[in-house]
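A.B. asks: Per full-length UniProt numbering, the very first residue in the sequence shown carries number 1; after that it's consecutive.
Note that CB positions come from ideal geometry on N, CA and C, so glycine has one too.
Since the structure is predicted, the reported quantities are computational estimates derived from the model, not experimental observations.
For reference, the structure I am asking about is given below.
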Amino acid sequence: MMNDLSHPITPETTELDVEGMTCGGCARRVETALAQLPGVISAHVDLAGKTASVSAAPEVGAASLVEAVERAGYPAKARARRIESAVALRVTGMTCGGCARRVEKALAAVPGVAQAKVDLAATRAEVEFAADAQVDAQALVAAVAAAGYQAERIEGDAADLAAPAAPAPQPAAPPVAVSFVPMPKPKSRAKPAASDAHHAEPAAIEQAPAPTSAAAPIELDIAGMTCASCSNRVEKALAQVPGVSRASVNLATERASVSAEASVSAAQLIAAVEKAGYRATPLSAGASDIESAPAAPARQPIELEIGGMTCASCSGRVEKALAQVPGVSRASVNLATERASVDDSVSAAQLVAAVEKVGYRATPLVADNPVPARSPAAPAIELEIGGMTCASCSGRVEKALAQVPGVSRASVNLATERASVSAEAAVSVAQLVAAVEKAGYRATLAAGSIGTAAPAATSPTAPRPSAESRKAAEARRDLLLLIGSAVLTLPLVAPMFAAPFGLSFMLPAPLEFVLAAIVQFGFGARFYRAAWHALRARAGNMDLLVALGTSAAFGLSVWQMLRAPEQAGHLYFEAAAVIVTLVRFGKWLEARAKRQTTDAIRALNALRPDRARIVEQGVEREVPLAQVRVGSIVAVRPGERFPVDGRIAAGASHVDESLITGESLPVAKAPGDRVTAGSINAEGALSVETTAIGAETTLARIIRLVESAQAEKAPIQRLVDRVSAVFVPAVLALAVLTFAGWMLAGAPAETAILNAVAVLVIACPCALGLATPAAIMAGTGVAARHGVLIQDALALELAQRTAVVAFDKTGTLTEGKPSVTAFEPIGTTRETAMAIAAAIQRHSEHPLARAIVAAHHGEAHGDARAPQASDAKAVAGRGVEARIDGTRHAIGSARWLDELAIEVPAAVRQRAAELEAAGNTVSWLMRLDAPAAVLALIAFGDTVKPSAREAISRLHALGIRTALVTGDNQGSATAVARELGIDEVHAQVLPDDKARVIAQLKASTQGVVAMVGDGINDAPALAAADIGIAMATGTDVAMHTAGITLMRGDPALVAAAIDISRRTYRKIRQNLFWAFVYNVVGVPLAAFGLLNPMIAGAAMAFSSVSVVTNALLLKMWKGEAR
1 MMNDLSHPIT
11 PETTELDVEG
21 MTCGGCARRV
31 ETALAQLPGV
41 ISAHVDLAGK
51 TASVSAAPEV
61 GAASLVEAVE
71 RAGYPAKARA
81 RRIESAVALR
91 VTGMTCGGCA
101 RRVEKALAAV
111 PGVAQAKVDL
121 AATRAEVEFA
131 ADAQVDAQAL
141 VAAVAAAGYQ
151 AERIEGDAAD
161 LAAPAAPAPQ
171 PAAPPVAVSF
181 VPMPKPKSRA
191 KPAASDAHHA
201 EPAAIEQAPA
211 PTSAAAPIEL
221 DIAGMTCASC
231 SNRVEKALAQ
241 VPGVSRASVN
251 LATERASVSA
261 EASVSAAQLI
271 AAVEKAGYRA
281 TPLSAGASDI
291 ESAPAAPARQ
301 PIELEIGGMT
311 CASCSGRVEK
321 ALAQVPGVSR
331 ASVNLATERA
341 SVDDSVSAAQ
351 LVAAVEKVGY
361 RATPLVADNP
371 VPARSPAAPA
381 IELEIGGMTC
391 ASCSGRVEKA
401 LAQVPGVSRA
411 SVNLATERAS
421 VSAEAAVSVA
431 QLVAAVEKAG
441 YRATLAAGSI
451 GTAAPAATSP
461 TAPRPSAESR
471 KAAEARRDLL
481 LLIGSAVLTL
491 PLVAPMFAAP
501 FGLSFMLPAP
511 LEFVLAAIVQ
521 FGFGARFYRA
531 AWHALRARAG
541 NMDLLVALGT
551 SAAFGLSVWQ
561 MLRAPEQAGH
571 LYFEAAAVIV
581 TLVRFGKWLE
591 ARAKRQTTDA
601 IRALNALRPD
611 RARIVEQGVE
621 REVPLAQVRV
631 GSIVAVRPGE
641 RFPVDGRIAA
651 GASHVDESLI
661 TGESLPVAKA
671 PGDRVTAGSI
681 NAEGALSVET
691 TAIGAETTLA
701 RIIRLVESAQ
711 AEKAPIQRLV
721 DRVSAVFVPA
731 VLALAVLTFA
741 GWMLAGAPAE
751 TAILNAVAVL
761 VIACPCALGL
771 ATPAAIMAGT
781 GVAARHGVLI
791 QDALALELAQ
801 RTAVVAFDKT
811 GTLTEGKPSV
821 TAFEPIGTTR
831 ETAMAIAAAI
841 QRHSEHPLAR
851 AIVAAHHGEA
861 HGDARAPQAS
871 DAKAVAGRGV
881 EARIDGTRHA
891 IGSARWLDEL
901 AIEVPAAVRQ
911 RAAELEAAGN
921 TVSWLMRLDA
931 PAAVLALIAF
941 GDTVKPSARE
951 AISRLHALGI
961 RTALVTGDNQ
971 GSATAVAREL
981 GIDEVHAQVL
991 PDDKARVIAQ
1001 LKASTQGVVA
1011 MVGDGINDAP
1021 ALAAADIGIA
1031 MATGTDVAMH
1041 TAGITLMRGD
1051 PALVAAAIDI
1061 SRRTYRKIRQ
1071 NLFWAFVYNV
1081 VGVPLAAFGL
1091 LNPMIAGAAM
1101 AFSSVSVVTN
1111 ALLLKMWKGE
1121 AR
């Protein structure tokens, strides 16, 4: 059944101020967060103005919009409504910034109060009311008294505060933008603030400069504040700078906003803050600064590879450390990929230092073949990190990298063991590596990345092994260490396995001690090193739990052995050794499984040839790929991979693009066709003109998209982060309680110690940390192999909740190659009308235009002489017009024809209706100049893609409704929808209106709406939808707007993308369930003495292995789309 949804909506518009946005991705995340709220019709974010405009149903309040934006990771506040009046109070009893904030909070809670500002230095509070509020001053005084302070009204302030001073009273105050900040008392030489205007003489007011001369507010990042008193001291220090009229410090965001005269520089403010004992970094300059310095370039997110993380607690600490770096608005750490991603304009050095401070290693990552920077900001640096074992480790590496001066962003991925750092040009790789090594981890420059961000450090270095070979060597070394540990442990556990068979023998206690000591302090040294790093950072991780547990068992055995050397009784050396061996075994299996989750990236990287054969003056010459330039002619022989993106200049062949597009059959290629780097030339020799190289090739962009998606943190991960933040301290507390409980119950000390050891070693934060990222990596990897590129974790989550999929028609469900199916002249000859139509469309690239030109060329048998057209121009949503022999002609839609009121014979209209009903698109050739007339009826037909019907059927099988949103006429759209079984039709929709239709679908379904398109005209709808899905056969604009890209024009891939997303989230839920079950069931069993420490160690070792292995089952997914 098909419905035409056109519910009228009467929305209200709310304006928000949004902080922390640095790029288009940030703006898109804010838009998506707002658009997901029930009742929101549309949301538009202005990145330059740092504002958001939301059109929503009246019941959607500003508070819920602000909350949605803040959940997405950006501070926001609603723009204040018109202020009618205000009251000033004298408040006594305040002694610090905490007092001032309590008074502000108490006043703000009074109904009708729009905002309250407290100036601690002036012992003054200013309260502003909404226009329709009736607030009694006594209610304000009572609120302050209830908070424990005394207050009295300052008479005469209400009128002055209601509006700026003016020669004559105004009936109502104009709308103002309210800033929730205290107002320090200005110096005598400073210009009076608006709220203090009543203290100035009228003459002085008349001579005051116009407000337009004031400089823009200066924003500062403040570091070192720990409480409200700190923020108050910073506020007072800034207020005392000559020329400052207003200063506001936000402790939560660690930022300060200063309004001052244009002569006040950011340097003066920074000096004042530093004099007060804090650190400050400017976010935006005042007018004077802007004039004297070029605008800072937009920064890209910094990616860091973190070393030393072993569990979710590690990643939580890394994230927390990065988030506390002044200027950081968002930090994300992925335990599985061992990477961290940080957004904002801070120095990479600060981020590196922050990671180092919490005891982890980090190395920045950079993209291959970076484009030379045109600004002082250098490209991101990619580092390979060694030694990370859990999320806590990655956190320490992030913090260490963050503290290196000049670093603006750091991101660490635990699974790929990489760090990405964006830094200033002066920051060298040596500085970053040193910072990581100081944190106790290993770091090397990633293969193919920039050697340094500083020109001075570009000297050649000795060749190093690739990251893959290095990791393979580490895996071999870990295996050898595991075997050695197992060989020494076997004699310790052999008596236990022999006992059931009646064999009783024990090794001498000194020999047990020697074997166990080698395993404990030799093969188990990695746990002590990592635990030491955690303790130095005043944190905990998996290694700390293992080191404490095994040390307790080992120490108990030593004590028993020394207490009674001749009758030592049962010793527990084997428990300590077995735990170390099993945990090493588990980490080796986990590392092996994690490498499999990155198979997709390795497979894509393997497609890139290192060398190319260029043709110069007819001579072929093999050169390194870096020497190929855009425009170079590259020769590709049969069986070789294309080294570059390009167009075929000579030759014909079939090309295997299966690893890029997922298409299993080779595709025929002829001169002029595009080819993609990494695809295979099947049988013919080809010459290819290079159009893109290195980082700009389609393959490189695919790799970046997949890596970015795998590094992202899913929203569901927030729960894990909260748990992991308290996990290790909670386990340590439970172990202490277990020991104390057994001792109080009268149990022997060894029993209490062993049960406490079991609690320590059963607890596994690793499984928690790996549950989400491992599934995301496996899911995005299998999607990439099937031609579906998922750009981030948010797109993955939204796709699995999709309720409605809206399709564009031309090029998405149809082939996008229309042909002229009917051309019927009216009042002129066919030859004349066809020639005029071809002339109008001669230089257009529109598919319908090409169809007309091709039809004219075919009818003229190659002698396609058409009159010359001039002044050709497109009329948006209607058609195209041009001047031919001095007369204006046009080809356009029926809507345009009706708007121009040109008469059409009834029989011709009937014929047009018949053609539309048959699924054709109808256009009209018209003469616009007098006498205006219709010259021809033109019908176009487009073939529906073979897989379109199957795509719609599979979506319906998944319980998803479908809609068609097209600019085509109602008849053609209805015919295609009826043929494919689409539920809803929205026809004759202009490009700008597609976003409105998507908003209506969102409002009517109250669910996630996906939009599938391929053209520039689809970009607004792709952005307006909860999740945009773009065909890679379409335009770059569409792909950049979408959250998911389909690498071939097969609509069946839409269902594949949603199915993969659902299966991935099913794996995430399964992984989290098992990760929690291991701990929720295992810890109580251990605490009550029902779990042997060795069994606890085995359970802990295999918990993370089972989680990663479960995620790897996604690799078995086989899509039906071909």
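From ALA835, ASP1014 and ARG90, pick the residue whose C-alpha is nearest to that of ARG153; which is it?
C.D. replies: Looking at the Cα atoms, ARG90 is the closest of the given residues.
A.B. asks: Below 8 Å, how does it come out for the region 55 to 72 and the region 314 to 328: are there three or more Cβ pairs, yes or no?
C.D. replies: Verdict: no, contact absent.
A.B. asks: Around the C-beta of LYS959, are 16 or more other C-beta atoms found within 10 angstroms, so that it is buried, or is it exposed?
C.D. replies: The residue asked about is misnamed: residue 959 is Gly in this sequence, not Lys. It is exposed - the Cβ of GLY959 has fewer than 16 other Cβ atoms within 10 Å.
A.B. asks: Quick check on the DSSP output: what are the complete alpha helix (DSSP H) runs of length 4 or more inside the UniProt domain "HMA" (300 to 363), in order along the chain?
C.D. replies: Entirely contained in the UniProt domain "HMA" (300 to 363), the alpha helix (DSSP H) runs reaching 4 residues are, in chain order, 312 to 323 and 348 to 357.
A.B. asks: Could you give the first and the last residue of the continuous beta strand (DSSP E) run that contains ASN413?
C.D. replies: Taken as a continuous stretch (DSSP letters only), the beta strand (DSSP E) holding ASN413 covers 407 to 413.
A.B. asks: Counting only runs that start and end within the UniProt domain "HMA" (12 to 77), where is the beta strand (DSSP E) found for 3 or more residues in a row?
C.D. replies: 12 to 18, 40 to 46 and 51 to 56, all fully within the UniProt domain "HMA" (12 to 77).
A.B. asks: Hey, GLU303 and SER341 are a contact pair by Cβ (cut 8 Å); roughly how many whole angstroms apart?
C.D. replies: Right, the Cβ-Cβ distance comes to about 6 Å (below 8 Å), so this counts as a contact.
A.B. asks: I'd like to know if the region 1044 to 1063 and the region 784 to 797 are in contact, where contact means that at least 3 CB-CB pairs between them fall below 8 Å.
C.D. replies: Result yes; three or more Cβ-Cβ pairs closer than 8 Å.
A.B. asks: Count the other CB atoms, across all protein chains shown, that sit within 10 Å of the CB of VAL1081; report buried if there are 16 or more and exposed otherwise.
C.D. replies: VAL1081 is exposed by the Cβ-count criterion.
A.B. asks: Could you name each continuous beta strand (DSSP E) segment of 3 residues or more that falls completely within the region 225 to 284, going from the start of the chain to the end?
C.D. replies: Counting whole runs of 3 or more residues, the region 225 to 284 contains the beta strand (DSSP E) stretches 244 to 250, 255 to 260 and 279 to 284.
A.B. asks: To which residues does DSSP link LEU789 through a beta bridge?
C.D. replies: In DSSP, LEU789 forms a bridge with THR1045.
A.B. asks: Between ALA1010, ALA100 and ALA108, which lies nearest to VAL118 when the distance is taken from Cα to Cα?
C.D. replies: Checking every option, the nearest Cα to that of VAL118 belongs to ALA100.
A.B. asks: Report the option in ALA833, ALA76 and ARG878 whose CA atom is closest to the CA atom of HIS856.
C.D. replies: Checked all of ALA833, ALA76 and ARG878; the closest Cα to HIS856 is ALA833.
A.B. asks: Judging by CA-CA distance, which residue of ASN1079, GLY827, GLY316 and GLY395 is the nearest neighbour of ALA354?
C.D. replies: Among ASN1079, GLY827, GLY316 and GLY395, the Cα nearest to that of ALA354 belongs to GLY395.
A.B. asks: So is MET889 buried or exposed if we call it buried at 16+ other beta carbons inside 10 Å?
C.D. replies: Correcting the residue type first, residue 889 is His in the shown sequence and not Met. Burial call: buried.
A.B. asks: Compare the C-alpha of VAL427 against each of VAL352, ARG477, GLU899 and GLY387 and name the closest.
C.D. replies: With distances taken between Cα atoms, VAL427 lies closest to VAL352.
A.B. asks: Tell me where the beta strand (DSSP E) around VAL1081 begins and ends.
C.D. replies: Premise fails: VAL1081 lies in the alpha helix (DSSP H), 1052 to 1087, not in any beta strand (DSSP E).
A.B. asks: Helix, strand or coil: which one does DSSP assign to ILE891?
C.D. replies: Looking at ILE891 - three-state DSSP - the assignment turns out to be strand.
A.B. asks: Output the distance between the C-alpha atoms of TRP1117 and ASP808, rounded to the nearest integer angstrom.
C.D. replies: Each residue's alpha carbon lies about 28 Å from the other.
A.B. asks: With HIS846 as the anchor, note down where its beta strand (DSSP E) starts and where it stops.
C.D. replies: HIS846 -> no beta strand (DSSP E), and no H or E assigned at all.
A.B. asks: Does the distance from the C-beta atom of ARG637 to that of ALA685 stay below 9 Å?
C.D. replies: Their beta carbons are under 9 Å apart, which means ARG637 touches ALA685 by this criterion.
A.B. asks: Measuring CA to CA, which of GLY1097, TRP1074 and LEU1091 is closest to ASN1110?
C.D. replies: Minimum Cα distance to ASN1110 is reached at TRP1074.
A.B. asks: Looking at ALA756 and THR1064, is the spacing between their C-beta atoms short of 9 Å?
C.D. replies: No, the pair does not count as a contact, with Cβ atoms beyond the cut-off.
A.B. asks: Please state if the CB of SER679 and the CB of ILE648 are separated by a distance shorter than 9 Å.
C.D. replies: Contact flag unset, no.
A.B. asks: Please report the straight-line C-alpha distance between VAL731 and ALA763, rounded to a whole angstrom.
C.D. replies: If you take the alpha carbons of VAL731 and ALA763, they lie about 7 Å apart.
A.B. asks: Check each candidate in ASN920, GLU984, GLY892 and LEU432 and name the one with the smallest Cα separation from ALA822.
C.D. replies: Closest by alpha carbon: ASN920.
A.B. asks: Beta-carbon separation of GLU356 and LYS399 under 9 Å?
C.D. replies: Contact: yes.
A.B. asks: Is it true that the CB of VAL1054 sits closer than 9 Å to the CB of LEU955?
C.D. replies: Taking 9 Å as the Cβ cut-off, LEU955 and VAL1054 qualify as a contacting pair.
A.B. asks: DSSP on ARG647, reduced to helix/strand/coil?
C.D. replies: Reduced to three states, the DSSP call for ARG647 is strand.
A.B. asks: Output the distance between the C-alpha atoms of VAL726 and LEU535, rounded to the nearest integer angstrom.
C.D. replies: The alpha-carbon atoms of VAL726 and LEU535 are separated by roughly 15 Å.
A.B. asks: Note down, in chain order, each residue of its chain lying with its Cβ closer than 7 Å to the Cβ of ALA778, except the 5 sequence neighbours on either side.
C.D. replies: Around ALA778: THR597, ALA1111, LEU1112, LEU1114 and LYS1115.
A.B. asks: Short check: CB of GLY811 to CB of MET1011, under 9 Å?
C.D. replies: No, they are not a contact pair.
A.B. asks: State the DSSP-derived secondary structure class of MET183, mapped to helix, strand or coil.
C.D. replies: In this prediction, MET183 has a pLDDT of 34, which is less than 50 and means its spatial position is unreliable; what the coordinates show is noted afterwards. In the structure shown, MET183 sits in coil (DSSP, three-state: anything other than H, G, I, E or B).
A.B. asks: Within the chosen definition, does the region 835 to 847 reach the region 978 to 996 through at least 3 CB pairs nearer than 8 Å?
C.D. replies: Touching, no, given that fewer than three Cβ pairs across the two stretches are closer than 8 Å.
A.B. asks: Tell me the rounded alpha-carbon separation between GLY451 and ALA1021.
C.D. replies: Low per-residue confidence applies at GLY451: pLDDT is 41, beneath 50, and the placement is therefore not dependable enough to give any value.
A.B. asks: Give me the residue from ALA446, LEU544 and ALA999 with the minimum Cα distance to CYS314.
C.D. replies: The option with the nearest alpha carbon to CYS314 is LEU544.
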